[in-house]
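Peer 1: Respectively, the protein sequence lines represent chains A and B. Start counting the first sequence at 1391; every next residue gets the next number (our numbering). Start counting the second sequence at 300; every next residue gets the next number (our numbering). Backbone N, C-alpha and C define an ideal beta-carbon position, used for all residues, glycine too. Keep in mind the model is a prediction, meaning the values are calculated, not measured. Here it is, the structure, as structure tokens.
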Amino acid sequence: MGFPTTHISLVRRAGSGDVATRTGAEESLAAVYWAPIYTHVRLAHRQEPADAEDLTQGFFAQALERGLFARYDPERARFRSYVRRCVDSYVANALQAERRLKRGGTAAFVSIEVAEIEGRLTSEGDSGADADAAFEREWVRSVLADAVRQLRERYRAAGRLGQLMLFERYELADTDDTRPTYAELAAELGIPVTQVTNWLAAARRDFRAIVLDTVRALSGSDDEFRADMRDLLGVAPR
Amino acid sequence: MSPLSDSTVARLRALVDRSAEQARYEIGELIGEGGMGSVYLARDRELDRDVALKVLRDAAPTPDERERIVREARILASLEHPGIVPIHDVGTLPDGRLFYVMKRVRGERFDDFVRGSRSRTELLRAFLQMCDAVAFAHAAGVIHRDLKPQNVMLGAFGEVLVLDWGVAKTSRSPRPGVGEAAAGTAAGTPGYMAPEQLSGEADERADVYGLGGVLFFLLTSEHPSPARDTADQWGSGTTVPPALRAICGRARAAHPAARYQSVKSMAADVANYLDALPVVAHAEGILERARRIALRHRTAILLVLAYLAMRVALLVFTRG
Chain A
1391 MGFPTTHISL VRRAGSGDVA TRTGAEESLA AVYWAPIYTH VRLAHRQEPA DAEDLTQGFF
1451 AQALERGLFA RYDPERARFR SYVRRCVDSY VANALQAERR LKRGGTAAFV SIEVAEIEGR
1511 LTSEGDSGAD ADAAFEREWV RSVLADAVRQ LRERYRAAGR LGQLMLFERY ELADTDDTRP
1571 TYAELAAELG IPVTQVTNWL AAARRDFRAI VLDTVRALSG SDDEFRADMR DLLGVAPR
Chain B
300 MSPLSDSTVA RLRALVDRSA EQARYEIGEL IGEGGMGSVY LARDRELDRD VALKVLRDAA
360 PTPDERERIV REARILASLE HPGIVPIHDV GTLPDGRLFY VMKRVRGERF DDFVRGSRSR
420 TELLRAFLQM CDAVAFAHAA GVIHRDLKPQ NVMLGAFGEV LVLDWGVAKT SRSPRPGVGE
480 AAAGTAAGTP GYMAPEQLSG EADERADVYG LGGVLFFLLT SEHPSPARDT ADQWGSGTTV
540 PPALRAICGR ARAAHPAARY QSVKSMAADV ANYLDALPVV AHAEGILERA RRIALRHRTA
600 ILLVLAYLAM RVALLVFTRG
């Protein structure tokens, strides 16, 4: 029995005839895929940072212009594989013609810090590493970051600032060493430790639901969704 | 989007994997505290019911503490008996604290039950249920090692439940000694802990000693003193029958060989007392024996006496 589809896929919305719907979906896809594609161009096509950034922006400009996302056929491949093939094709053509899209020729799709990605590539010694693995890793990071953004928006709108603060302090700490204990958080907020436990549990539950929705929206099919959850997040969706 | 460090990404991935399970229980008020952890009332959202959640206190438990609570959960899970609290689940909170989920027992703790105005017979019948649960555990190779009134609950329907198997010892462990109180260290509560437990040695006779302490508390509403012999603790004006004092004394003998050799034999003696039958632990005198036999056959004796009284009355009436 397939997992019930409860969310209209971003991938399908990218093929919508309605301009506003299509544009919104394409921008959401770009938000998640920018960093993985940049990493892919850097590693698989061995491009310098500035060139990789230009090529990534250029790819999204072309994808928008030609409706690449709308042409995706879930029967033939996973969406991520399709995107990578499109990128490979675009980069190959661009390099062969010895042309580069001018930076800023189109509006930037996302506010991305290339330096951060470069920092990770350098620290991981990824220059000669497996480009596919790096692409997948950046995809997971982008999905989780987007889910954090959505959780923040949702909690701020609902006035659940205490719960959000707990989640950020405890789950988003850079390292385990900098994480406060439940007791410290309870003292800081003036609430019982059991409430810290319950609030964090609720925030984790919401975060998990957002991640599942996000991955489902980024998938071309239910099968792909389940495979993504299993392969990339190590999770069997329930 | 704000960047996420590698360790944050790893943590969030694990969180997505585990959070559905962890969010299953909503933790409520604290309902009990023990040496190793706290017990909370909790709501199981999935099955929509109240449960008891025992959480190890330390967020960074030592391997030994971790092993102990997991082992307690496994021991409980292996003991299916109406007198032993069933366990539903076991897991780890995101901050590293271990927990396991038990049936929530609604009722009264045994020490509070004893302090209420209950008849001795009612208390002894509850004690026999307790013995039944412990004997069942012994048959499964598990020694409780911390039997005391605070570790026993009486349910709403009179059922007796033995709790807190945190220092229990199992003879069927694949790795004997792992996770148990280390050899040579004491596990138990003073007054209820058998002397041999001080050296880390205990078989089912250690639980006989603990139950002897519970019986003493049941009869006197006072905890037994670890420093004094049981025979010296009754007080001069005690109303506790000699047979019950003898049962208690034998169960609490300092040397294991001098005790009842099993919980079953101790329970049999208590049952004998309730049925006004001879008690193995007690050599009764002639008067005491007559009193016991009279008590045992009091209905028949009353009927005979009533019959005789009627005959005498009839004789007096006809002669008059």
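With respect to 6 angstroms, is the separation between the Cβ of A:Ala-1484 and the closest non-hydrogen atom of the ligand PLP below this value?
Peer 2: With respect to the ligand PLP, the structure shown offers nothing to examine, as it has no ligands at all.
Peer 1: With burial defined as no fewer than 16 other Cβ atoms inside 10 Å of the residue's Cβ, what is the status of A:Glu-1443: buried or exposed?
Peer 2: Working through the first sequence from its first residue, we reach residue 1443 of chain A at position 53. That one is buried.
Peer 1: From what residue to what residue does the beta strand (DSSP E) around B:Lys-402 run?
Peer 2: Residue mapping note: residue 402 of chain B aligns to position 103 of the second sequence, counting from 1. 397-402 is the extent of the beta strand (DSSP E) around B:Lys-402.
Peer 1: Between which two residues does the alpha helix (DSSP H) holding A:Thr-1604 run?
Peer 2: What you label residue 1604 of chain A is simply residue 214 of the first sequence in a count that begins at 1. Taken as a continuous stretch (DSSP letters only), the alpha helix (DSSP H) holding A:Thr-1604 covers 1583-1607.
Peer 1: For the segment 1444-1469 of chain A, enumerate the residues whose C-beta is nearer than 7 angstroms to any C-beta of chain B, in chain order.
Peer 2: The segment 1444-1469 of chain A vs chain B, Cβ under 7 angstroms: nothing.
Peer 1: Which partner residues does B:Glu-332 have in the DSSP bridge list?
Peer 2: For this step, residue 332 of chain B is matched to residue 33 along the second sequence. Paired residues: B:Ser-337.
Peer 1: DSSP state of B:Leu-614, grouped into three classes?
Peer 2: Position 315 of the second sequence, counted from the first residue, corresponds to residue 614 of chain B. Helix.
Peer 1: Comparing the C-beta of B:Thr-307 with each C-beta of chain A, is any distance below 7 angstroms?
Peer 2: Within the second sequence, numbered from 1, the residue matching residue 307 of chain B stands at position 8. Closer than 7 angstroms: yes.
Peer 1: Got a sec, what are the start and stop residues for the beta strand (DSSP E) B:Ile-386 sits in?
Peer 2: For this step, residue 386 of chain B is matched to residue 87 along the second sequence. Note, B:Ile-386: beta strand (DSSP E), 386-391.
Peer 1: In its own chain, which residues sit with a C-beta less than 7 angstroms from the C-beta of A:Val-1583, not counting the 5 before and 5 after it?
Peer 2: Within the first sequence, numbered from 1, the residue matching residue 1583 of chain A stands at position 193. Once the five neighbours on either side are set aside, the close Cβ partners of A:Val-1583 are Tyr-1572, Ala-1573 and Ala-1576.
Peer 1: Could you run through the segment 1549-1575 of chain A and flag, in chain order, every residue whose CB is less than 9 angstroms away from some CB of chain B?
Peer 2: So the list reads Tyr-1560, Glu-1561, Leu-1562, Ala-1563, Asp-1564, Thr-1565, Asp-1566, Arg-1569, Thr-1571, Tyr-1572 and Ala-1573, given in the order they occur along the chain.
Peer 1: Taking 7 angstroms as the CB-CB cut-off, is A:Val-1401 touching chain B?
Peer 2: Sequence index remark: in the first sequence, residue 1401 of chain A carries index 11 (1-based). Cβ-Cβ to chain B under 7 angstroms: no for A:Val-1401.
Peer 1: On a CA-only basis, which of B:Gln-449, B:Thr-519 and B:Ala-313 is nearest B:Ser-535? Give me that one, please.
Peer 2: Here residue 535 of chain B refers to the residue found at position 236 when the second sequence is read from its first residue. Looking at the Cα atoms, B:Thr-519 is the closest of the given residues.
Peer 1: So, does the CB of B:Leu-346 fall closer than 7 angstroms to a CB anywhere in chain A?
Peer 2: Along the second sequence, one-based indexing puts residue 346 of chain B at 47. By this cut-off, B:Leu-346 is not an interface position.
Peer 1: Determine, for A:Ala-1497, whether the minimum Cβ-Cβ distance to residues of chain B falls below 7 angstroms.
Peer 2: Reading the first sequence from its first residue, position 107 is the one you call residue 1497 of chain A. Low local confidence applies: a pLDDT of 49 at A:Ala-1497 is under 50, so the model's placement there is unreliable, with the coordinate-based value given in what follows. Taking Cβ atoms only, chain B never reaches closer than 7 angstroms to A:Ala-1497, which makes this a no.
Peer 1: Report the residue from A:Glu-1417, A:Ala-1434 and A:Tyr-1462 whose alpha carbon sits nearest the alpha carbon of A:Gly-1405.
Peer 2: Position 15 of the first sequence, counting from 1, holds the residue named residue 1405 of chain A. Cα-wise, what sits closest to A:Gly-1405 is A:Tyr-1462.
Peer 1: If you run the structure through DSSP and keep just helix, strand and coil, what is B:Lys-447?
Peer 2: Here the question's residue 447 of chain B lines up with position 148 in the second sequence. Coil, per DSSP.
Peer 1: Thinking just about the alpha-carbon of each residue, which of B:Glu-325, B:Thr-361 and B:Leu-355 is nearest to the one in B:Leu-346?
Peer 2: Here residue 346 of chain B is taken as the residue at index 47 of the second sequence, counted from 1. For B:Leu-346, the nearest C-alpha among the options comes from B:Glu-325.
Peer 1: Output yes if chain B places a C-beta closer than 7 angstroms to the C-beta of A:Val-1651; else output no.
Peer 2: The structure shown does not extend to residue 1651 of chain A, since chain A is modelled only from 1391 through 1628, so no value can be given for it.
Peer 1: With a Cβ-Cβ cutoff of 7 angstroms, do B:Arg-595 and B:Ala-575 count as a contact?
Peer 2: Within the second sequence, the letter at position 296 stands for residue 595 of chain B. Within the second sequence, the letter at position 276 stands for residue 575 of chain B. Yes; because the gap between Cβ atoms is below 7 angstroms, this pair is in contact.
Peer 1: So that I know if they touch, is there some Cβ in chain A lying closer than 7 angstroms to that of B:Glu-325?
Peer 2: By one-based count along the second sequence, residue 325 of chain B stands at place 26. Yes, B:Glu-325 counts as interfacial toward chain A.
Peer 1: Would you please verify whether the beta carbon of B:Ser-304 is less than 7 angstroms from any beta carbon of chain A?
Peer 2: Locating residue 304 of chain B in the second sequence gives position 5, counting from the first residue. Chain A, which has a Cβ nearer than 7 angstroms to the Cβ of B:Ser-304, makes this yes.
Peer 1: Quick check on B:Met-492: does DSSP put it in helix, strand or coil?
Peer 2: Here residue 492 of chain B refers to the residue found at position 193 of the second sequence. The answer is coil: DSSP assigns B:Met-492 none of H, G, I, E or B.
Peer 1: From this set, A:Glu-1508, A:Arg-1595, A:Glu-1526 and A:Leu-1541, which residue's C-alpha is nearest A:Ala-1440's C-alpha?
Peer 2: Sequence index remark: in the first sequence, residue 1440 of chain A carries index 50 (1-based). The residue with the shortest Cα to Cα distance from A:Ala-1440 is A:Glu-1508.
Peer 1: Going along chain A in order, which residues have a C-beta closer than 9 angstroms to the C-beta of B:Tyr-399?
Peer 2: Counting from one through the second sequence, the residue named residue 399 of chain B turns up at place 100. Those within 9 angstroms of B:Tyr-399 in chain A number zero; the least Cβ separation is about 15 angstroms.
Peer 1: Between the alpha carbons of B:Glu-521 and B:Phe-426, how many angstroms are there, rounded?
Peer 2: Mapped onto the second sequence, residue 521 of chain B falls at position 222. Mapped onto the second sequence, residue 426 of chain B falls at position 127. Rounded to the nearest angstrom, the two C-alpha atoms are 16 angstroms apart.
Peer 1: Leaving aside the five residues before and after A:Ala-1415 along the sequence, list all residues of the same chain whose C-beta is less than 6 angstroms from its C-beta, in chain order.
Peer 2: Mapped onto the first sequence, residue 1415 of chain A falls at position 25. Once the five neighbours on either side are set aside, the close Cβ partners of A:Ala-1415 are Leu-1400, Arg-1403 and Ala-1404.
Peer 1: For B:Asp-349, name the three-state secondary structure that DSSP assigns.
Peer 2: If you number the second sequence from 1, residue 349 of chain B lands on position 50. Strand, per DSSP.
Peer 1: Let me see if you follow: with CB-CB separation under 7 angstroms, is B:Leu-311 close to chain A or not?
Peer 2: Walking along the second sequence from the start, residue 311 of chain B turns up at place 12. Cβ-Cβ to chain A under 7 angstroms: yes for B:Leu-311.
Peer 1: Residues of chain A with a CB under 8 angstroms from the CB of B:Tyr-628: which are they?
Peer 2: The question about residue 628 of chain B has no answer here: the residues shown for chain B are numbered 300 through 619.
Peer 1: Nearest to B:Ala-526 by CA position, among B:Arg-549, B:Val-539 and B:Tyr-491, is which residue?
Peer 2: Counting from 1 along the second sequence, the entry for residue 526 of chain B is found at position 227. Considering only alpha carbons, the answer is B:Tyr-491.
Peer 1: Would you mind reading off the limits of the alpha helix (DSSP H) that contains B:Val-466?
Peer 2: The residue you call residue 466 of chain B lines up with position 167 of the second sequence. Premise fails: B:Val-466 is in no alpha helix (DSSP H) and is neither H nor E.
Peer 1: Run down chain B in chain order and give the residues with a C-beta less than 7 angstroms from the C-beta of A:Arg-1531.
Peer 2: Residue 1531 of chain A sits at position 141 when you count from the first residue of the first sequence. Under the 7 angstroms cutoff, chain B gives Leu-303 and Val-308.
Peer 1: In chain A, what lies closer than 8 angstroms to B:Leu-392 by C-beta?
Peer 2: Taking the second sequence and counting its residues from 1, one reaches residue 392 of chain B at position 93. In chain order: Thr-1587.
Peer 1: Taking three-plus beta-carbon pairs below 8 angstroms as touching, is the segment 453-461 of chain B in contact with the segment 348-356 of chain B?
Peer 2: The segment 453-461 of chain B is not in contact with the segment 348-356 of chain B.
Peer 1: Just the C-alpha distance for A:Asp-1520 and A:Val-1504, rounded to the nearest angstrom, thanks.
Peer 2: As a first step, residue 1520 of chain A is located in the first sequence; it is residue number 130 there, counting from the start. As a first step, residue 1504 of chain A is located in the first sequence; it is residue number 114 there, counting from the start. So the two alpha carbons sit approximately 19 angstroms from each other.
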